[in-house]
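A short worksheet on the structure shown next.
Residue numbers (the numbering used here): 35 to 159.
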């Protein structure tokens, strides 16, 4: 129980209960788990790591993979909290629009940090 909400998993569904005990069922399909963000990460890694040293490539890959998975987990958790607290419509709007924006912001921040602190000037050229 976090934030006064109870949650449970049942197959491909998550069930969240609000503070009043009202249950909301959320169906998690294959298209909702964030595989698209992993494809975007992979494409950006293929382009962004050209010429980098093996050590730098491994560091950037691991950070990118872990960060992308974490962003996807946070996105799903926020959708669940919104569904329980504000209802299905705000959760769907967040899922469809803000969830995508979270991924884009993460990828920009990831590459900014990677270029600045891991790859450095000239490392990826």
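In this text, a Cβ means the ideal position worked out from N, Cα and C, and glycines have one as well.
**Study point:** Buried or exposed by the 16-neighbour rule on C-beta atoms within 10 Å, applied to residue 102
**Key:** What you label residue 102 is simply residue 68 of the chain shown in a count that begins at 1. Per the 10 Å Cβ criterion, buried.
Point to revise | Cβ contact check for the region 129-149 and the region 78-90: 3 or more pairs under 8 Å | key: yes
Check your understanding: Below 8 Å, can you find three or more Cβ-Cβ pairs linking the region 44-62 to the region 89-97?
Key -> no
Point to revise | Alpha carbon of residue 138 to alpha carbon of residue 57, nearest angstrom | key: For the purposes of this step, residue 138 is taken as the residue at position 104 of the chain shown. For the purposes of this step, residue 57 is taken as the residue at position 23 of the chain shown. In a straight line, the C-alpha of residue 138 is about 31 Å away from that of residue 57.
Practice item. Compute the Euclidean distance between the alpha carbons of residue 41 and residue 76, then round it to the nearest angstrom. Key: Here residue 41 refers to the residue found at position 7 when the chain shown is read from its first residue. Here residue 76 refers to the residue found at position 42 when the chain shown is read from its first residue. Roughly 32 Å between the two C-alpha positions.
Review point. Residue ranges of each beta strand (DSSP E) run of no fewer than 3 residues wholly in the region 57-111, ordered along the chain?
Key: 57-61
Check your understanding: Taking the alpha-carbon positions, what's the residue 46 to residue 62 distance?
Key -> Locating residue 46 in the chain shown gives position 12, where the first residue counts as 1. Locating residue 62 in the chain shown gives position 28, where the first residue counts as 1. Near 5 Å, if we compare the C-alpha coordinates of residue 62 and residue 46.
Exercise for review: Whole angstroms is fine: what's the gap from residue 49's alpha carbon to residue 88's?
Suggested key: Looking up residue 49 in the chain shown gives position 15. Looking up residue 88 in the chain shown gives position 54. Whole-angstrom Cα-Cα distance: 43 Å.
Review point. Quick one: what's got a C-beta closer than 7 Å to residue 128's C-beta in the same chain, skipping five residues either side?
Key: As a first step, residue 128 is located in the chain shown; it is residue number 94 there, counting from the start. Excluding residues within five positions, the ones whose Cβ falls inside 7 Å are 112, 113, 116.
Review point. What's the gap between the Cα of residue 149 and the Cα of residue 155?
Key: The residue you call residue 149 lines up with position 115 of the chain shown. The residue you call residue 155 lines up with position 121 of the chain shown. C-alpha separation (whole angstroms): 7 Å.
Practice item. State the DSSP-derived secondary structure class of residue 39, mapped to helix, strand or coil. Key: Numbered from 1 along the chain shown, position 5 holds the residue referred to as residue 39. Note: residue 39 maps to strand in three-state DSSP.
Practice item. Would you mind reading off the limits of the beta strand (DSSP E) that contains residue 171? Key: This structure cannot speak to residue 171, because the chain is shown only from 35 to 159.
**Study point:** residue 118 - DSSP class collapsed to helix/strand/coil
**Key:** As a position in the chain shown, residue 118 is number 84, starting the count at 1. Looking at residue 118 - three-state DSSP - the assignment turns out to be helix.
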